[in-house]
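To convert, count from 1 in the sequence shown and add 414; that's the working numbering.
We put the beta carbon where it would ideally sit given N, CA and C, even for glycine.
Everything below concerns the one structure shown next.
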Amino acid sequence: MMAAVTLAAADDVTDALDAARAAYDAGNVSTALEELSYAQSLLQALRTDGLAGFFPPAPDGWTREISTEMGPAMAMTGGGTGAEATYRRDSDQFSITLLADSPMIMAMAPMLTNPMLATASGGKLHRLDGVKVLEANGSLAALIANRFLVQAEGAATDIMLPVLEQMDFAGLASFNP
């Protein structure tokens, strides 16, 4: 089913690109730009949907809700792709956010990759499957392949860490839709 959705979206992308080319060839730059913008939004949706596939399942007794509607927020932070999963159990909840190729990631990279910086401000480092995860101010953060920021917040560390352990960090590192 996912392949069919992906192929259908890819066909829409091709149609939009073809329409942009036809409009350009006809001298209609405005329509060409609209079609290119539409194709870009379709490609971004494909990428976001793929990114959302990396969220771990909900732990027993919890539910998980995935949101891929981060486009406006990502535009305000300089671009990139993002998705968020919210995990709920009774009145408890926490979220895991995945950001890809955002300028915000590079701004946070020194803190996440340098253990001395991370721990100097009171942070604590955890290792999950070889990935350094910084615990600071009640949240967890990890930098994957210098492209992806994984953040978890909203619950106790002992609740969020086991969920993050289920994430396919190696798959995320090689994700390139």
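Buried/exposed call for residue i, threshold 16 Cβ in 10 Å
i      : result
THR527 : exposed
LEU447 : exposed
VAL547 : buried
VAL443 : exposed
SER516 : buried
PRO486 : With a pLDDT of 49 at PRO486, under the threshold of 50, the modelled position of this residue cannot be trusted, and the question is left open.
Contacts around residue i, its chain only, beta-carbon distance under 8 Å, and the 5 residues preceding and following it disregarded
i      : result
LEU531 : PRO524, MET525
PHE469 : ARG478, ILE480, ALA497, ALA499, ILE510, LEU512, MET581
ALA550 : ALA532, SER535, GLY536, GLY537, LYS538
PRO471 : ARG478, GLN580
Between the CA atoms of residue j and residue i - distance to the nearest angstrom
i      : j      : result
GLU498 : THR511 : 4 Å
VAL564 : PHE508 : 13 Å
GLU436 : GLY537 : The sequence shown places Ala at residue 436, not Glu. C-alpha separation (whole angstroms): 55 Å.
ASP543 : LEU450 : 40 Å
ALA559 : ALA587 : 5 Å
ASP504 : GLY475 : 9 Å
TYR501 : ALA514 : 21 Å
THR571 : LEU457 : 35 Å
HIS540 : LEU465 : 23 Å
ALA584 : GLY552 : 25 Å
PHE562 : GLY467 : 14 Å
ALA440 : PRO576 : 57 Å
SER455 : PRO473 : 33 Å
Cutoff 6 Å; reference residue i; Cβ partners in own chain excluding five residues on either side
i      : result
THR462 : THR482, THR495, ALA497
PRO459 : This sequence places Ala at residue 459; Pro is not what is there. Nothing meets the Cβ criterion.
ALA374 : There is simply no residue 374 to check, as the chain begins at 415 and stops at 591 in what is shown.
THR445 : ALA437
Residues near residue i in its chain [Cβ-Cβ closer than 7 Å; skip 5 each side]
i      : result
ALA453 : VAL427, ALA430, LEU431, ALA434
ASP506 : ALA569
8 Å contact criterion, which residue i and residue j should meet: CB distance rounded
i      : j      : result
LEU578 : ALA566 : 6 Å
MET574 : LEU554 : 6 Å
Beta bridge counterpart(s) of residue i as assigned by DSSP
i      : result
TYR501 : ARG478, PHE508
GLY496 : LEU513
ARG561 : ARG561 pairs with nothing; no bridge assigned.
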